[in-house]
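For the sequence shown, numbering that gives the first Met the number 0 assigns the number 0 to the initial residue and increments by one for each residue that follows.
All C-beta atoms in this analysis are idealised placements derived from N, C-alpha and C, irrespective of residue type, glycine included.
It should be emphasised that the depicted structure is a prediction, and the values quoted were computed from it without experimental measurement.
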Amino acid sequence: MKNIALNKAGNITAILGDARKVVKRSHNRYNRICMPLPKGAEKFLDAAFCAAKPNCTVHIYSFGPRENPCGKVLEAIEKQAEKSKRKIQILNKKMVRPFAPGIEQWVIDFKIF
């Protein structure tokens with residue numbers, strides 16, 4: 000919250016709590032969702048899809064093998080979109096850093112409609 004004030008950012012609400020519990024009160028509420036959990040963020044895609052307004056941008060991190068670093072998380076995003084009966088558009092995929100031999104961390108931005 001201090002960062003929000005220091006940057007004089009408006010229209011931002013910082014929420015501290017269990018994402019699954021918060022989402023129950025926040026259905027279809029957010030236009031931007033950051034999922035900075037360095038590993039396992041895809042386990043919370045159901046919560047993100049529930050909380051997302053139409054046209055919401057989601058920012059998610061993942062780890063994967065160098066030969067197909069985003070495969071598993073992209074598959075999870077597509078599966079959740081189908082389950083939620085929502086459309087998605089991948090906006091950006093970018094390598095954040097090499098993590099271990101043959102493993103990379105990537106960030107993916109996508110829209111939920």
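One thing to note: residue 63 has its Cβ within 8 Å of the Cβ of residue 103. Taking C-alpha positions only, residue 43 is separated from residue 22 by approximately 10 Å. The C-beta distance from residue 30 to residue 55 rounds to 5 Å, short enough to meet the 8 Å contact threshold.
Residues 103, 105 of the same chain have their beta carbon placed closer than 6 Å to that of residue 68, with the five preceding and five following residues left out of the count.
Residue 26 holds the alpha-carbon nearest to the alpha-carbon of residue 52 among 33, 26, 73.
Non-local C-beta neighbours of residue 87 in its own chain, meaning closer than 8 Å and more than five positions away in sequence, comprise 76, 77, 80, 109, 110, 111, 112, ordered along the chain. Its Cα nearest to that of residue 20, the residue 49 stands out among 49, 98, 71, 100. Residue 60 and residue 71 have their alpha carbons spaced roughly 12 Å apart. Scanning its chain for C-beta atoms nearer than 6 Å, with the 5 sequence neighbours on each side dropped, one finds around residue 89 the residues 109, in chain order. Scanning 97, 107, 93, 85 for the CA closest to the CA of residue 73 turns up 107. Here residue 101 carries a coil assignment [DSSP, helix/strand/coil].
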